[in-house]
Structure formats: structure tokens, C-alpha cells
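Below: one structure, written as C-alpha cells.
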Amino acid sequence: MTPETIDLDAAGVRALNRRLQGRDGPVAGGRFLVTNAKGRHALAVGLTESMDVRIRGHVGYYCAGMNREADVTVEGNAGTGVAENLMSGTVRVTGDTSQSAGASGRGGLLVIEGSASARCGITMKGIDIVVGGSIGHMSAFMAQAGRLVVCGDAGAYLGDSIYEAEIFVRGGVESLGADCVEKDMDERAADELQALLERAGVAADASGFRRYGSARQLYNFRVDNAAAY
Amino acid sequence: MSGDRPARSWASFPPHVISEIHRAADQGLYYIRGSGAWRSVPSFDDLVFLGASVSRYPLEGYRERCDTDVTIGARFASKPVELRIPITIAGMSFGALSANAKQALGLGASAMGTSTTTGDGGMTMEEREASQTLVYQVLPSRYGMDPDHLRLADAIEVVVGQGAKPGGGGMLLGQKVTERVAGMRTLPAGIDQRSACRHPDWTGPDDLTIKIQELREITNWEKPVYVKVGATRTQYDVALAVKAGADAVVVDGMQGGTAATQEVFIEDVGIPTLPAVRLAVDALKELGVHRQVQLIVSGGIRTGADVAKALALGADAVSIGMAALMALNCNAPLYLEDYEALGTRPGACNLCQTGRCPVGVTTQDPVLEARLDPEEGGRRVRNYLSTLTMECQTLARACGKSHVHNLEPEDLVALTVEAAAMARVPLAGTDWIPGRP
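For the protein sequence lines, the chains are A and B, in the order given.
Everything in the first sequence is counted per my numbering, starting at 178 for the first residue and increasing by one.
Everything in the second sequence is counted per my numbering, starting at 47 for the first residue and increasing by one.
In C-alpha cells form, the structure reads like this:
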């Protein structure tokens with residue numbers, strides 16, 4: 178099926194989102210090619226149906242934010258907050274991403290083939306994020322649920338104030354944040370990680386990763402933890 | 047020598063300070079509590095209206111119209127919010143409040159043709175069904191953030207801060223994090239739920255501009271977008287919110303309440319609502335958008351007089367939180383033994399954070415919550431809002447105004463030098479406004 182092409186130079190962001198949100202006609206199962214992204218913000222946001230969207234070029238802030246069901250691919254780099262609050266579906270970025278990738282995502286899968294900047298997976302709430310390269314500082318801050326997988330290195334304060342999310346890092350970790358500790362890579366975790374890597378299309382062996390999560394020491398407010406507040 | 051003369055009160059160490067030192071020494075942590083600032087600050091109580099007489103004529107109280115409607119969000123939204131009264135219900139979370147309390151607020155507000163607001167943790171369907179007009183908050187924590195709820199809402203409020211804790215996050219203590227609350231927030235039940243002080247995906251006004259664009263794109267540019275700030279550097283914050291594309295700005299003064307925050311924050315951060323109104327209006331006028339971008343003021347609004355004074359100083363609407371809870375019997379002299387068990391009494395209770403609210407408002411305990419019947423609570427909220435509206439109309443008519451928005455600073459004088467300086471109205475009986483030549 179030949180994709181429907183939307184040239185952002187001609188159509189603009191408003192028309193793109195109206196089309197992809199199904200406000201101007203059916204979209205379920207459709208294929209769309211978006212050209213001339215040119216760093217524009219809020220592209221392909223608030224989608225609610227299953228479709229394939231391919232965006233050619235770099236995108237600005239919040240690309241694919243708050244989507245359900247849709248599969249979005251960015252052929253380039255992405256600005257701040259790509260796939261923020263993603264509910265379901267997939268988002269794939271072939272290049273690098275700026276800060277807060279996948280912020281507060283509640284479901285779905287975000288694949289970053291390059292590296293991600295600071296705060297990757299901040300307050301994540303169920304999303305799975307797989308990063309082919311490295312991630313910046315304060316990633317997975319207050320991460321509540323979901324999995325953050327890093328094939329490269331992680332910056333400082335990884336998983337600070339983490340709740341129930343899981344983090345897997347193949348490379349080095351500059352430092353762990355408050356209440357984040359290394360955990361055993363048990364069989365269940367390894368199997369699930371391997372399945373996630375395969376789903377993300379990343380050729381890596383789960384056995385090469387280390388697993389991190391919450392020590393659950395900050396879950397209730399008490400004087401023994403005062404230094405961590 | 048002792049006992050032969052009355053004890054002198056100790057200005058530096060009054061009883062509540064001594065008590066707090068003892069508590070801190072015992073526990074080693076700051077004190078967390080609910081409600082707003084309890085210290086005395088310059089307020090709307092320090093202003094009075096100049097009713098009409100010979101130089102101006104009043105409107106007849108029961109015969110001549112004094113309208114109260116307000117439209118919010120027509121700057122960019124294709125479906126602005128239309129309210130019958132300029133008094134809205136502020137954002138308060140399900141979690142901090144019981145489901146019955148949220149439903150009662152919705153029923154009461156809807157009966158009066160005004161809006162309610164969600165809070166941290168997202169939207170409940172009971173709240174949506176009970177509220178004819180519902181504002182959906184986008185908060186730093188993003189607990190329960192759901193694009194479907196964004197689309198179900200009538201307006202969106204991006205919360206940057208609140209008056210009780212500008213610059214601070216929040217804490218819902220574990221005793222209120224039930225299975226349902228935890229499920230909505232994707233957290234384990236029973237743990238303390240921390241709310242961040244900054245949004246996870248934007249910082250500063252330039253980012254906020256793009257965030258608002260995203261919210262508008264997701265909701266087809268239909269919904270008004272409010273930006274809520276705690277009152278501090280109000281003139282700058284309001285200007286930046288306008289620049290970022292807000293349809294309305296909510297300014298929450300330091301008397302504004304909270305469900306649970308460090309007391310040092312509640313009492314020692316932010317400025318009172320009174321000066322904040324003037325600073326906000328200054329910013330809107332400077333940008334030429336006063337009345338185009340609506341100003342909603344909150345923090346310590348309790349009476350129709352407070353409403354009228356806020357409007358006279360330039361607000362388009364007010365928002366109430368604590369007072370609405372009091373309409374639901376917060377601090378009422380009921381279930382006295384339960385107040386006593388908490389170590390407090392009606393009229394002095396600010397223990398929302400415990401989840402043991404004797405009157406079923408700020409609790410998740412099913413037994414306590416059952417003490418608040420949503421229908422009866424809705425009736426009480428409606429009555430209270432109706433009273434505020436009538437009081438506001440009474441004052442407006444007395445000043446000769448056919449719409450409450452026609453009230454103006456010239457209708458007011460101040461009873462104290464401080465209030466005169468902050469509200470920039472003359473000290474009563476003089477033409478002196480401190481700071482003016």
C-alpha cells in the first residue's frame with residue numbers, strides 16, 4: 178500500500194495532526210509518510226488508532242506525545258519529550274534524542290537507536306524504553322513502572338527516587354541516584370529482557386546487562402532517610 | 047521570686063513555636079500538614095467598599111440586574127468555558143479528597159453553573175459525571191495523566207505551582223494511598239507518594255509555549271488552556287504565562303490550601319493573595335490583554351466580599367478550595383470524639399494529611415467517607431456558592447454596577463497602610479496610596 182504523503186511545508190502541523198487523529202477521515206490501518214519535518218514541534222501527537230507513520234527528518238519537541246496504538250518512526254533525531262506520556266503503540270527514533278525521552282510514558286515501546294540525553298524515562302509509568310546508545314544524567318528519575326534498557330552507558334544519578342520500574346544497562350553507570358540499587362539478574366528478568374530486546378529489534382544478549390531497581394527505602398517518610406530528602 | 051505576678055507572654059517563643067521545637071526535637075523531620083497559611087497576612091479583610099450615595103447611585107437590590115457570567119478561554123480556544131458565576135472550584139485531587147467529596151463538589155458547582163477542577167492523580171468518572179464543566183490539571187507528577195481524559199475535559203490547567211508551596215512538590219502520605227488511589231497513580235498501595243516540583247518534560251517559558259502547543263494539538267485547539275502559578279514573582283510569571291500562550295492565568299496566593307506540605311513551606315513561601323491580584327493585573331494590562339486573558343484568583347477566598355474585592359481589583363473570576371471543603375463540613379463540630387482522637391478540635395483541624403478526616407472529606411477510609419453524602423454535600427456546596435454570589439451582587443449593586451466585572455479599584459479603600467500599599471487603593475479617609483507621589 179502506498180503511503181499517504183503529508184508535506185509539512187505545504188500542510189503545516191495543524192493539518193497533519195487533524196489528519197492523523199482521524200478528524201478528516203478514517204485512519205485505522207493507514208500508512209502515512211510525513212516529509213519536511215524540519216524540527217517542527219508536536220508532530221503526530223494524540224493519535225488514537227493503529228496506523229504506521231514515518232516522519233522523514235529531525236523533529237522538535239513532543240513528537241508522538243500521548244499516542245495510543247500507532248506506530249511512529251522518526252528518520253532522524255528527536256527533540257525534548259519524544260513519546261512523552263505514550264499510552265501504547267511504538268515510537269522508533271533512528272537517530273539521537275534530546276532530554277526527557279519517554280517522560281511519564283504509561284505503555285507502549287520507545288526505541289532510540291542512537292543515544293538519549295538527560296532525564297530519559299523520567300517518571301515513566303509503564304512504558305518500555307530501549308536505547309541503542311547511552312543516556313544522560315538523572316534518567317529514570319522517579320520512575321514508577323516499565324523498563325529502561327540501555328545498551329551503552331548511563332549518566333549520573335541513574336534511577337534517583339525510583340519506584341517499581343526496572344533498569345538494565347550494558348555499559349557503565351556513572352552513579353546511582355537515591356534509593357536505586359543493583360539487583361540480581363534472575364532468570365525471569367533475563368528472559369523478559371531478551372524478549373524486549375528482540376521486540377525492539379536490537380541485537381544484544383540479555384546476559385550482558387546489569388539490572389537496577391528500587392531499594393524501597395524511601396517509600397515511607399522517616400528520620401532514618403533524612404539525608405536522602 | 048515566682049508566682050506573685052501574671053506570666054508574661056513570650057513574643058519570640060509563643061506556645062505554638064515551643065510546641066514545634068519539641069516536636070522537631072522528638073521526630074527529627076519537618077512537619078507536614080494540610081490547609082493553607084495560618085499566619086495573619088494583609089488580606090481582603092483590610093479593604094472596604096465605598097457604597098454609592100449622592101456622588102454615585104446604587105442599583106436596587108431586588109429589581110435591577112447585576113450579572114455574574116464570565117467567559118474563560120476565548121483567546122485561542124474554539125470552545126471557551128462559559129460560567130454563570132465567577133466562582134470556580136479549585137483543583138483538589140481524588141486521593142487527597144474522598145470520592146464522595148469530589149462528587150459533591152461537582153454536583154454543587156454544576157447546580158450553580160460553574161466548574162470544578164481535577165487534581166494530582168487524574169480524573170475519576172464520578173467526578174466527570176458530576177461536573178458539568180470540568181477543568182483537567184496537567185501537573186508535574188503526571189500521576190494518572192491520560193489523553194482520553196484530556197479530551198473529555200472542558201479546559202486544561204497546566205499547574206506550575208500553587209500558593210501553599212510555590213517551588214515545591216507534594217506528598218500524599220501512605221495512609222491515604224489506597225488500592226484505588228495507587229492504581230490511578232501507578233504506584234504500590236500504602237507508600238508515600240511524592241510529587242515533583244518541576245514538570246518532567248519542560249522548564250521555562252519557551253518550553254511551556256511548546257507544551258501548550260502540544261496540548262492544543264492533542265485536543266484540536268478546542269479547550270481553553272489555563273496556567274496556574276503560586277503567587278511569588280507574580281508580575282513576571284503572569285507575563286510569561288501569557289507569552290507562552292495561556293488563555294487564562296490562575297494566581298494562587300499563599301493562603302491557598304494543600305492536602306499535605308511542609309509547614310515551613312505553607313507559612314514562609316509566597317505572597318498573600320491581595321498584592322498578587324494587583325501584580326497580575328499589572329502584567330495583563332502591560333501586555334494589553336486584561337479581560338482577553340482571564341485572571342482567576344485563589345487563596346483565602348471565603349465570602350462574597352472576598353469575591354467582590356478580587357473582581358474589583360481586576361480578576362475575572364476566583365477559585366475556592368478550603369472554603370468549599372468547609373461547606374462540606376470540614377472543621378464542623380461533628381464527631382467530636384474523632385477530632386479529639388487526632389489531638390485537635392473543630393475550627394483548628396488541619397490534619398488532612400492523616401487521612402482520618404472526621405467528616406469524610408479528606409479521607410480514603412470507607413467508614414469516614416460514608417459520613418459525607420454526595421447529594422447532601424452537593425446541596426451544601428450549591429448553597430454556599432449561591433450565598434457568595436448573592437453577597438458579591440449585593441456589594442456590586444451598592445456600588446452601582448450592573449455586572450460584577452464593573453467593580454473597580456476606585457470602589458475600594460484600605461483600612462491599613464499595608465493593604466493600601468499592596469492593593470494600591472487609598473487609605474480610608476485619605477487620598478494617600480503608599481508608594482504613589
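Idealized CB from N, CA, C, for every residue including glycine.
Problem set entry | Nonlocal neighbours in the same chain, by C-beta distance under 8 Å from residue 281 (chain A), ignoring five residues either side | Beyond the five residues adjoining it in sequence on each side, residue 281 (chain A) comes within less than 8 Å, by CB distance, of 261, 262, 299, 300, 301 and 302 in the same chain, given in chain order.
For this session: Kindly indicate which residue of A:322, A:329 and A:328 has the alpha-carbon position closest to the one of residue 336 (chain A).
Result: When only C-alpha atoms are compared, the closest one is A:322.
Problem set entry | Rounded C-alpha distance that separates residue 369 (chain B) from residue 346 (chain B) | Take the alpha-carbon of residue 369 (chain B) and the one of residue 346 (chain B): they are about 8 Å apart.
Exercise. Does DSSP put residue 445 (chain B) in a helix, in a strand, or in coil?
Worked result: Judged by DSSP in its simplified three-state form, residue 445 (chain B) adopts coil rather than helix or strand.
Exercise. Under three-state DSSP, which class holds residue 171 (chain B)?
Worked result: If DSSP states are grouped into helix, strand and coil, residue 171 (chain B) belongs with the helices.
Exercise. Closest by CA to residue 63 (chain B), which one among B:191, B:50, B:77 and B:319?
Worked result: Residue B:77 is the option with its Cα nearest to residue 63 (chain B).
Problem set entry | N-terminal and C-terminal residue of the beta strand (DSSP E) that residue 375 (chain A) is part of | For residue 375 (chain A), there is no enclosing beta strand (DSSP E); the enclosing alpha helix (DSSP H) has its first and last residue at 364-377.
Exercise. How many Å lie between residue 354 (chain A) and residue 230 (chain B) at the Cα?
Worked result: Residue 354 (chain A) and residue 230 (chain B): Cα-Cα distance of roughly 26 Å.
Problem set entry | Proximity test, Cβ basis, 9 Å: residue 198 (chain B) and chain A | Chain A contact via Cβ: absent.
Exercise. Taking Cβ-Cβ distances shorter than 7 Å, what residues in chain A pair up with residue 402 (chain B)?
Worked result: Contact of residue 402 (chain B) with chain A by beta-carbon distance below 7 Å is absent, the smallest such distance being about 17 Å.
Problem set entry | Outcome for residue 248 (chain B) when other beta-carbon atoms lying within 10 angstroms are tallied against a minimum of 16 | Counting other Cβ atoms within 10 Å of its Cβ, residue 248 (chain B) reaches 16 or more and is therefore classed as buried.
Problem set entry | Bridge partners - residue 231 (chain A), DSSP secondary structure assignment | Residue 231 (chain A) is bridged to A:210 and A:250.
For this session: For residue 360 (chain B), I'd like the list of residues in its chain whose CB is within less than 6 Å of its CB, leaving aside the five on either flank, ordered along the chain.
Result: Same-chain partners within the cutoff: 327.
For this session: Starting from the Cα of residue 238 (chain B), find the closest Cα among B:226, B:426, B:255 and B:216 and give me that residue.
Result: Among B:226, B:426, B:255 and B:216, the Cα nearest to that of residue 238 (chain B) belongs to B:216.
Problem set entry | Reduced DSSP secondary structure (H/G/I, E/B, other) of residue 394 (chain A) | In this structure, residue 394 (chain A) counts as coil in the three-state DSSP scheme.
Exercise. Do residue 315 (chain B) and residue 186 (chain B) have their CB atoms nearer than 9 Å?
Worked result: Their beta carbons are not under 9 Å apart, which means residue 315 (chain B) does not touch residue 186 (chain B) by this criterion.
For this session: Compare the C-beta of residue 219 (chain B) with all C-beta atoms of chain A and state if any pair is closer than 9 Å.
Result: By the rule that beta-carbons nearer than 9 Å mark a contact, residue 219 (chain B) touches chain A.
For this session: Establish whether the CB of residue 300 (chain A) and some CB of chain B are separated by less than 9 Å.
Result: The Cβ of residue 300 (chain A) sits closer than 9 Å to at least one Cβ of chain B.
Exercise. For residue 402 (chain B) versus residue 414 (chain B), is the C-beta spacing smaller than 9 Å?
Worked result: Pairing residue 402 (chain B) with residue 414 (chain B) gives a Cβ-Cβ distance under 9 Å.
Exercise. Since residue 238 (chain B) meets chain A, which of its residues come closer than 7 Å, beta carbon to beta carbon?
Worked result: Within chain A, the residues whose beta carbon sits less than 7 Å from that of residue 238 (chain B) are 396, 397 and 398, listed in sequence order.
Exercise. So residue 368 (chain B) is in the alpha helix (DSSP H); what residue range does that whole segment cover?
Worked result: Looking at the DSSP string, the run of the alpha helix (DSSP H) that includes residue 368 (chain B) is 368-373.
Exercise. With distances taken from CA atoms, which of B:93, B:127, B:119 and B:153 is nearest residue 373 (chain B)?
Worked result: Comparing alpha carbon positions, the residue from B:93, B:127, B:119 and B:153 closest to residue 373 (chain B) is B:153.
For this session: Flag residue 327 (chain A) as yes if its beta-carbon sits less than 9 Å from any beta-carbon of chain B, otherwise no.
Result: Not closer than 9 Å to any Cβ of chain B, the Cβ of residue 327 (chain A) fails to qualify, so no.
Exercise. If we cut at 9 Å on Cβ distances, does residue 314 (chain B) have a partner in chain A?
Worked result: No, residue 314 (chain B) does not count as interfacial toward chain A.
Problem set entry | Continuous alpha helix (DSSP H) stretch holding residue 311 (chain B): start and end | In the DSSP assignment, residue 311 (chain B) falls within the unbroken alpha helix (DSSP H) covering 309-314.
Exercise. Quick one, which residues of the stretch 178-197 of chain A are near chain B if we go by CB-CB under 8 Å, in chain order?
Worked result: For the stretch 178-197 of chain A, the residues whose beta carbon sits under 8 Å from a beta carbon of chain B are, in order, 190, 191, 194 and 195.
Problem set entry | Distance CB(residue 277 (chain A))-CB(residue 193 (chain B)) smaller than 9 Å | The answer is no: Cβ separation not under 9 Å.
Exercise. Between the C-alpha atoms of residue 159 (chain B) and residue 179 (chain B), what's the straight-line distance to the nearest angstrom?
Worked result: Residue 159 (chain B) and residue 179 (chain B): Cα-Cα distance of roughly 8 Å.
Exercise. Which chain B residues sit within Cβ distance under 8 Å of residue 205 (chain A)?
Worked result: By Cβ distance, chain B contributes nothing, its closest Cβ being about 17 Å from residue 205 (chain A), past 8 Å.
For this session: State buried or exposed for residue 235 (chain A), treating a residue as buried only when at least 16 other CB atoms are found within 10 Å of its CB.
Result: Label assigned to residue 235 (chain A): buried.
For this session: Note down, in chain order, every chain B residue with its Cβ under 7 Å from the Cβ of residue 341 (chain A).
Result: Simply 234.
Exercise. From this set, B:189, B:67 and B:294, which residue's C-alpha is nearest residue 122 (chain B)'s C-alpha?
Worked result: In terms of CA proximity to residue 122 (chain B), B:294 leads the group B:189, B:67 and B:294.
Exercise. For residue 180 (chain A) versus residue 231 (chain A), is the C-beta distance shorter than 9 Å?
Worked result: The answer is yes: Cβ separation under 9 Å.
Problem set entry | Beta-carbon proximity check, residue 164 (chain B) vs residue 140 (chain B), cutoff 9 Å | If you check the CB distance, residue 164 (chain B) and residue 140 (chain B) come in under 9 Å.
Exercise. With residue 313 (chain A) and residue 295 (chain A) assumed to form a contact (beta carbons below 8 Å), what rounded beta-carbon distance in angstroms separates them?
Worked result: Going by Cβ atoms, the distance from residue 313 (chain A) to residue 295 (chain A) rounds to 4 Å, so yes, they are a contact pair.
Exercise. Which same chain residues, not among the five before or five after residue 85 (chain B), have their C-beta less than 7 Å away from its C-beta?
Worked result: Only 313 meet the Cβ criterion.
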